[in-house]
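Engineer: Plus 9 on top of the position in the sequence shown (first one is 1) and you've got this note's numbering.
We put the beta carbon where it would ideally sit given N, CA and C, even for glycine.
One structure coming up, written as structure tokens, with questions to follow.
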Amino acid sequence: MTPSPAPRGRGTPRGGLSDVTEERALLDAGVTSVVGMDEVGRGCIAGPVGVGAVWCDLETLCAGGFPSGIRDSKKLSPRPRSLAAESVRATWEHAVVAYASPEEIDAMGISAALSLAGRRALAQLPATDLVMLDGKFNWLGTDPGLLGGDVSHVEVPQVRMYVGGDDQRIPIAAASLIAKVDRDAVMISLDREHPGYGWASNVGYPSPAHKQAIAELGITPWHRKSFRLGK
10 MTPSPAPRGR GTPRGGLSDV TEERALLDAG VTSVVGMDEV GRGCIAGPVG
60 VGAVWCDLET LCAGGFPSGI RDSKKLSPRP RSLAAESVRA TWEHAVVAYA
110 SPEEIDAMGI SAALSLAGRR ALAQLPATDL VMLDGKFNWL GTDPGLLGGD
160 VSHVEVPQVR MYVGGDDQRI PIAAASLIAK VDRDAVMISL DREHPGYGWA
210 SNVGYPSPAH KQAIAELGIT PWHRKSFRLG K
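In structure tokens form, the structure reads like this:
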């Protein structure tokens, strides 16, 4: 029985990605499932770095089993982005966001911290044939010996890079949506604990107001001390 397209949630933005040419080619080549993966918060000076990961059955995906409105999270305003992320979670049972803390970022560097978060995400998902990763640098391939014990058992499958994948490939776009919405919520919560830095709006990025607040208030435990924090 051919799966029906996933229903469009009430208020979910129309449009979005619909091309599954690449995914169909993977299916024809014998790949049965993929994990779309994207990072969020790499360029921030405060807060954790996050990795969204969505496990997709390719046969279902290629038959239209995905919601409308899926696209790069950066190209959606907050309300449509939140609705699209809700649709992702309603459509795909296995959709997770995992993090590496500022302390871990400072200890091992941002690329290794991304790998740590990505492996933590994979540990929560079913086994897959392929990771579809946004960008051109495979940070997931960092030597696991550099990352610590909690991910030493995680096996990383084949990784295929897609430059601009968060606005081209449905699995990656889905991952970008849940990652952005989840991390924004984390930073809004942290803003209530550490007022004055504007995290509810800048979500940890180095805006002029954020840097001015650091000059006036000092840093918090959530700031990345290995990053340039001053003006």
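Please report the straight-line C-alpha distance between L92 and V195, rounded to a whole angstrom.
Structural biologist: Looking at the two C-alpha atoms, the distance is approximately 17 Å.
Engineer: Using DSSP bridges, identify the partner residues of L139.
Structural biologist: L139 is bridged to V43, Q167.
Engineer: When you compare each of L186, I223, E31 to G59 by their alpha carbons, which one comes out closest?
Structural biologist: Checked all of L186, I223, E31; the closest Cα to G59 is L186.
Engineer: DSSP three-state call for G59: helix, strand or coil?
Structural biologist: Strand.
Engineer: Within a Cβ cutoff of 6 Å, which residues of the same chain sit near R192, ignoring the five residues on either side of it in sequence?
Structural biologist: Cβ within range, chain order: V49, G50, G59.
Engineer: Please state the DSSP three-state secondary structure of D176.
Structural biologist: D176: helix per DSSP, three-state reduction.
Engineer: Taking the alpha-carbon positions, what's the G239 to E164 distance?
Structural biologist: Rounded to the nearest angstrom, the two C-alpha atoms are 39 Å apart.
Engineer: The alpha helix (DSSP H) spanning V97 covers which residue range?
Structural biologist: From DSSP, the alpha helix (DSSP H) with V97 extends over 87-100.
Engineer: If distances are taken between C-alpha atoms only, which option among M141, V160, S161, Q167 comes closest to A182?
Structural biologist: Taking only the C-alpha atoms, the option nearest A182 is M141.
Engineer: Identify whether C53 lies in helix, strand or coil by the three-state DSSP scheme.
Structural biologist: Coil at C53, not helix or strand.
Engineer: Taking only three categories from DSSP, how would you classify W4?
Structural biologist: The chain is shown from 10 up to 240; residue 4 falls before or after that span and cannot be answered.
Engineer: Would you call L156 buried or exposed, if buried means 16 or more other Cβ atoms sit within 10 Å of its Cβ?
Structural biologist: Result: buried.
Engineer: Look at the alpha carbon of V105 and the alpha carbon of G227, and state the distance between them as a whole number of angstroms.
Structural biologist: Rounded to the nearest angstrom, the two C-alpha atoms are 33 Å apart.
Engineer: Could you give the distance in angstroms between the alpha-carbon of E225 and the alpha-carbon of H219?
Structural biologist: Computed Cα separation, rounded: 10 Å.
Engineer: Less than 8 Å between the C-beta atoms of Y214 and C53, yes or no?
Structural biologist: It is a contact, given that the beta carbons lie within the stated cut-off.
Engineer: Report the three-state DSSP secondary structure of G20 (helix, strand or coil).
Structural biologist: In this prediction, G20 scores a pLDDT of 40, lower than 50, which makes its location untrustworthy; the coordinate-derived value is nonetheless stated afterwards. G20 falls in the coil class under three-state DSSP.
Engineer: Using 8 Å as the threshold, is the C-beta distance between V43 and L67 below it?
Structural biologist: In contact: V43 and L67 (Cβ atoms closer than 8 Å).
Engineer: Relative to the C-alpha of S124, which candidate in T100, G150, D138 has its C-alpha closest?
Structural biologist: For the residues T100, G150, D138, the minimum Cα distance to S124 belongs to G150.
Engineer: On the DSSP letters alone, give me the boundaries of the beta strand (DSSP E) that A109 sits inside.
Structural biologist: Segment 104-109, the beta strand (DSSP E) holding A109.
Engineer: Quick one: what does DSSP say V66 is sitting in, helix, strand or coil?
Structural biologist: According to the sequence provided, residue 66 is Asp. The question's Val does not apply to it. Of the three classes helix, strand and coil, the one that applies to D66 here is strand, per DSSP.
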